[in-house]
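To keep things clear, I will list the structure first and then write my remarks on it.
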Amino acid sequence: MNDWERQANASLRALGEAYQQGGIARETYRARRRRLLAALRERQTVTERRTSAESIQDVPAPMLLASRRGSFAPWRLALVLFAVAAAVLIGLWNRGQGHV
863 MNDWERQANA SLRALGEAYQ QGGIARETYR ARRRRLLAAL RERQTVTERR TSAESIQDVP
923 APMLLASRRG SFAPWRLALV LFAVAAAVLI GLWNRGQGHV
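In this note's numbering, the protein residues as written are 863 to 962.
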């Protein structure tokens, strides 16, 4: 858990305790809780966007290309082998039919 998450939990806990002990009215509690949760959602969205963008920027371009190539290599190899086998079969079929 991050520091800001701990602070948010502490704030929510303190707000809940104040309401339960009668220190603040129900409407005040709800309004403050809504504002606090909205701020947390906004912070979470900004953090997620920044994390994904920074993680891509931190990786050198050649490594990104290598990782992309490596994930599709077996599939591409199978496709090339299939195309070669199909071409050989078509060639043999045409040769057997007398078409050249």
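Positions of the beta carbon are idealized from the N, C-alpha and C atoms, including for glycine.
Quick caveat, the model's predicted, so the values are computed rather than measured.
What number of angstroms, rounded off, separates the C-alpha of residue i from the C-alpha of residue j?
i: ILE952; j: PHE944; result: 12 Å
i: VAL942; j: VAL950; result: 12 Å
i: LEU874; j: ARG895; result: 7 Å
i: ALA947; j: TRP955; result: 12 Å
i: PRO936; j: THR907; result: 36 Å
i: GLN959; j: ARG938; result: 32 Å
Grab the span of the alpha helix (DSSP H) containing residue i for me, first residue to last.
i: GLN883; result: Where GLN883 is concerned, there is no enclosing alpha helix (DSSP H), given that its DSSP letter is neither H nor E.
Leaving out the 5 sequence neighbours to the left and right, which residues in its chain are closer than 8 Å to residue i when beta-carbon positions are compared?
i: ARG905; result: TRP866
i: ALA880; result: ILE886 and TYR891
i: LEU898; result: ALA870, SER873, LEU874 and LEU877
Would residue i and residue j qualify as a contact pair, given that the criterion is a beta-carbon distance under 8 Å?
i: ALA876; j: LEU902; result: no
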